[in-house]
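Since the structure comes first, as structure tokens, the remarks are kept for the end.
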Amino acid sequence: MSVVSISVNLWGKLTNSFDTVTFEDGAINLYRKGRRIDTIDTDNFQSFTVSSTSWLGGSITLPESTCLNGLNPKHVASFTEAINTVIEKRIASQTLSDIKDFELNAVNTFPRDSQSGHLAQVCESIHLLTIQRPSLLSSFGDSERNLVRLIADFYPLDIASLRAFHEGHQLQQREEFYDAVESNPLTEEQRLAVIRNNDRNMVLAAAGTGKTSVMVAKILDLVDRKIASPSQILTMAYNKSAATELDERLSEKAQKSNVHLEETPQISTFHALGRKILQESGIDTRLSQLTQDSDKLDIWASRWLQTYLLQHFDKLPTLVEMIAPPIDPMSYRSAAAFQRYQRDNTFSTIKGEKVKGFQELLIANYLFIKGVEYEYEPQYPVKQRVSAGVDYRPDFYLPQADIYLEHFGISRDGSTRIDIDSVKYNSDIQWKRQFHELNGTKLVETYHYNWVEGTLNNRLDSLISELEIPVHPKNKDEILKHINESDYISDGAKILRKCLSAIRSEGLSSTAIFQRLAHNGIIDAKSTTSLLTQLQDDYIEELRSNESIDFDDMISLATEVVASGEFIPSWSQILIDEFQDISASRMKLITTVIEKSKTKPALTVVGDDWQSIYRFSGGKLELTTRFADLIGSYSETKLQKTFRYNNSIAQTAGLFVMENPEQYQKQIQTHTVVDTPQVYLLDDKKNGKDALEAKIYEVVSKIRSHDSQGSIAIIGRYNYLLSEANITLGKRNARDGVKFWTFHKSKGLEADYCILIGFSQGKQGFPSDTVENTVVEALLPSIDSFPDSEERRLFYVGVTRAKKKAYIIADPSSPSKFVTELLNPKFGVGIHSESFKQAYRTTFKCKHCEEGFLKRIEGQYGDFYTCSTGNGCAVKNVRSCSKCGSPSSDTRSHSVCHNPACGHKSKVCPACGRPMVKRTGKKGIFWGCSGYSLSHDQCTYTEKLSASDTETASSRKKKA
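UniProt numbering puts the sequence shown at residues 1 to 960.
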């Protein structure tokens with residue numbers, strides 16, 4: 001090759017370190033006084049050199065931004081052309097490679113985040129080519145030139161625009177396939193979910209929007225477009241039945257769409273995948289009997305706890321606090337919250353009694369261990385009311401010492417819980433002291449602040465010593481005998497099982513356990529961590545000693561095997577169904593597979609945050625709601641067109657679940673449009689009495705009268721409700737064609753008509769007010785703060801099983817919070833019962849607590865009402881009005897009917913609460929307590945007739 005050279009001008013002589021530049025053998029050489037001082041190799045140039053001239057002389061700009069200035073302007077253009085002529089062939093070859101690369105990664109396949117930097121460079125290079133060397137394009141074919149123009153138009157690269165182009169191109173190119181792959185042509189949203197194949201992809205599929213169709217179509221599309229072979233595709237299903245359904249659908253649709261599968265793509269549950277990885281790595285996968293038989297695990301946990309207490313008797317307080325977590329009543333910020341806590345928690349003593357609170361539990365257990373005989377909340381010898389509807393019952397009575405013990409809920413400054421009037425409460429304390437003094441009984445006291453300050457046992461020790469109360473301390477064996485015979489072991493074992501499941505599912509170390517417990521305010525987090533760590537260690541040792549594994553091992557050990565390199569993943573595409581319910585350990589397995597795979601597989605997750613209902617088994621919703629933060633950048637597609645249900649069901653269910661601002665917002669479109677509500681609210685009463693089964697039969701009969709072949713499902717929160725409904729319909733020969741599902745098991749199913757039952761307050765209601773044990777709660781995956789969020793999603797699942805109509809049967813006398821909310825017109829529910837109207841709700845609302853409603857009970861001595869808040873309400877029973885049968889609440893002197901249409905008032909004794917009756921004495925008619933005639937606990941309270949009483953009596957005589 002000939003040498004081309006150019007010299008510097010006067011300005012170059014003054015400013016440059018060189019005086020001559022030559023180009024030979026593909027290299028630019030810089031010389032000074034005949035000696036080469038530098039060489040620039042052009043082999044790595046990705047674009048052309050550019051020349052320019054000015055009054056200072058000529059300049060050449062090299063691709064690496066190096067600029068040679070002060071050159072002879074007459075020769076700068078020819079020198080530049082000589083360089084460009086040499087590198088043109090290499091640039092042409094590189095350009096053709098870039099074009100093919102762009103076509104592969106942006107036209108034929110989805111532009112991925114991991115490719116965006118490279119694609120941006122390609123766009124820039126092609127753009128510069130069209131400016132610097134347009135003549136080069138003449139050597140390309142038509143298709144290459146068209147691609148060059150296309151690529152140049154995307155400079156500077158906007159990845160969103162490029163993806164929109166790709167999607168439009170594929171929608172057009174693959175239209176015939178998307179029309180034929182399923183029974184009905186895919187919707188545009190479904191097609192986009194198939195097309196989008198970023199490094200990470202999320203498909204949010206509302207109920208009935210065809211997520212299974214998307215997964216099947218995506219697998220076949222990947223194979224048909226030769227993006228992946230069947231063996232390179234891994235599809236994860238939530239359970240075995242879902243995996244089987246996917247496998248069958250895939251085979252069917254492959255034939256229908258003429259996609260040849262030389263082998264079936266792997267469709268697996270997580271446990272099956274873990275087992276396969278372990279087996280291929282030579283690790284034994286024999287499943288433990290503790291995993292296969294829940295009864296055996298119960299027995300193991302119970303025996304473990306008995307052994308642990310025998311060896312660590314000092315940990316008994318830790319067990320007590322795990323079973324009945326020590327919550328400070330003063331910490332509640334609302335009366336309703338504390339009343340719910342009281343309603344939904346029971347506190348069992350070592351003796352097996354049920355007491356009202358944790359501090360009373362401690363006192364009872366203290367007395368038992370000390371061998372002090374006691375009675376809990378005995379009837380005081382003199383029947384006496386302390387407030388309207390509440391008789392006086394001291395907390396404890398110590399019969400051997402004939403002493404009463406009251407535990408007063410006050411702080412040192414006399415303050416009380418939020419739901420208690422502190423002035424009145426302190427006044428009542430004074431009254432009780434005087435009352436005992438008046439009746440000649442001995443009263444001793446402990447206080448809430450004793451527990452807060454950790455001196456409750458010391459206070460009790462002092463009282464026993466001062467009063468010389470006889471004690472007969474029980475030894476360790478006696479205490480453990482009672483514990484083993486009580487519910488402590490079985491209750492403790494249940495909690496430990498849940499803790500163990502959460503620890504294993506979340507993959508928690510001892511440090512992580514402590515951090516979670518401490519973060520959630522567990523009082524003795526260190527001691528509880530010690531117990532739980534020992535539990536996990538002993539459980540693992542039990543598995544290893546039997547040379548077996550459990551389901552959690554299938555996931556965690558498989559993750560370790562992949563991480564260590566013993567198993568090399570070969571999948572290039574990973575799809576996960578029901579992603580909203582994935583656990584932390586399962587996600588860790590998938591991320592490890594992706595990290596250790598040489599093919600850097602694309603991940604597509606399909607799920608619905610509105611249907612996340614398995615937190616109790618480790619489901620970690622935040623992996624969906626915080627996908628970008630926890631997993632990485634991704635492409636999102638929402639499936640919002642449903643063919644299952646109508647717009648009425650969509651409105652009710654969608655608006656209801658989106659009340660939680662942490663759920664993704666979706667605008668559900670329905671194929672079927674109606675103009676009247678198709679979600680109905682009915683009461684469960686008949687002639688004023690509970691009649692759920694009768695109402696179910698009534699609804700089933702009504703459905704059958706206009707649609708004899710329609711499918712019907714009865715959906716309940718609990719199996720016992722379904723069992724009772726099943727029996728009732730069976731007796732009436734109305735069970736044919738009726739399915740019975742729990743809300744959880746209904747997921748993925750559908751019926752023409754759904755009857756939703758069990759909507760009432762409390763632990764057995766819906767939403768269930770069961771509060772998970774605080775230790776278990778601390779170990780479970782974190783949850784959003786919106787009240788009843790998972791129960792709300794469970795309701796959404798239930799309602800959206802219905803294709804035509806949904807019937808909600810609820811208890812108006814113990815109304816579910818959800819039912820109260822659904823009364824809002826915006827939810828579009830058809831209300832078909834007067835019982836949900838305000839007048840009825842006013843009549844049956846308890847006047848003594850925040851949320852309770854009164855339910856009629858048929859008693860041995862007549863009907864009465866009890867509050868749905870249970871232990872959370874100070875008043876247990878309410879009278880039935882003698883006039884209309886409605887609830888009638890007591891004031892100090894009267895019982896007043898709740899029914900506004902009745903309003904009947906009857907006199908009650910201010911002293912004992914019994915009914916007052918008119919009696920005739922020497923001085924005429926007077927009011928006397930009906931308890932006067934009793935031989936035991938006689939009440940002698942009397943009261944003169946008021947002027948109104950006299951006028952009423954006179955009026956009655958005139959009418960007569």
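Positions of the beta carbon are idealized from the N, C-alpha and C atoms, including for glycine.
Nearest to residue i by CA position, among the options, is which residue?
i           : options            : result
residue 216 : 233, 246, 225      : 246
residue 461 : 446, 287, 475      : 446
residue 919 : 944, 142, 330      : 944
residue 369 : 878, 940, 682, 480 : 480
residue 898 : 81, 759, 843       : 843
residue 225 : 107, 309, 315, 295 : 107
residue 64  : 57, 45, 51, 73     : 45
residue 374 : 182, 382, 396, 383 : 396
residue 634 : 113, 787, 421      : 113
residue 200 : 683, 575, 797, 826 : 575
In this structure, how does DSSP classify residue i when only helix, strand and coil are distinguished?
i           : result
residue 943 : strand
residue 52  : strand
residue 259 : coil
residue 5   : strand
residue 380 : coil
residue 136 : helix
residue 224 : helix
residue 875 : coil
residue 776 : helix
residue 957 : Bear in mind that the predicted position of residue 957 carries a pLDDT of just 42, short of 50, making it unreliable; the figure below should be weighed with that in mind. Helix at residue 957.
residue 617 : helix
residue 165 : helix
residue 453 : coil
residue 691 : coil
residue 110 : coil
residue 583 : coil
Can you list, in chain order, the residues of its chain with a C-beta nearer than 7 Å to that of residue i? Leave out the 5 residues immediately preceding and following it.
i           : result
residue 323 : 488, 491, 492, 495
residue 955 : Confidence is the limiting factor: at residue 955 the pLDDT is only 42, short of 50, which leaves the residue's position unreliable, though a coordinate-based value still follows. Answer for residue 955: no residue qualifies.
residue 139 : 92
residue 979 : Coverage of the chain is limited to positions 1 through 960, which leaves residue 979 absent and any answer about it impossible.
What are the partner residues of residue i, as DSSP defines its beta bridges?
i           : result
residue 235 : 267, 575
residue 916 : 929
residue 354 : 348
residue 658 : Residue 658 is not bridged to any residue.
residue 887 : 880
Where do the N-terminal and C-terminal ends of the alpha helix (DSSP H) with residue i fall, by residue?
i           : result
residue 174 : It is not in any alpha helix (DSSP H) - residue 174 carries neither H nor E in the DSSP assignment.
residue 249 : 240-256
residue 730 : 719-731
residue 485 : 476-485
residue 100 : 76-102
residue 858 : Segment 854-859 is the beta strand (DSSP E) holding residue 858; no alpha helix (DSSP H) there.
Start and end of the beta strand (DSSP E) containing residue i?
i           : result
residue 641 : 641-646
residue 669 : 669-672
residue 629 : Per DSSP, residue 629 belongs to no beta strand (DSSP E); it is in the alpha helix (DSSP H), 627-630.
residue 499 : First-last for residue 499: 488-506, but that is the alpha helix (DSSP H), not the beta strand (DSSP E).
residue 408 : 403-408
residue 894 : 894-897
Which same chain residues end up closer than 8 Å to residue i when comparing Cβ atoms and leaving out the 5 residues on each side of it in sequence?
i           : result
residue 347 : 324, 354, 355, 356, 357, 358, 360, 361
residue 862 : 880
residue 505 : 552, 583, 584, 585, 617, 618
residue 363 : 395, 396, 405, 407, 446, 456, 460
Are there any heavy atoms of the ligand GDP lying less than 7 Å away from the beta-carbon of residue i, as far as the coordinates show?
i           : result
residue 779 : Among the components modelled here there is no ligand, and therefore nothing to report on the ligand GDP.
Below 6 Å CB to CB, which residues in the same chain sit around residue i once its five sequence neighbours on both sides are set aside?
i           : result
residue 62  : 49
residue 646 : 670, 672, 674, 678
residue 426 : 414
residue 332 : 338, 418
residue 6   : 21, 71, 72, 75, 79
residue 19  : 8, 32
Would you say residue i reaches chain D, if we count a Cβ-Cβ gap shorter than 8 Å as a contact?
i           : result
residue 100 : In the structure shown, chain D cannot be found, because there is only a single protein chain.
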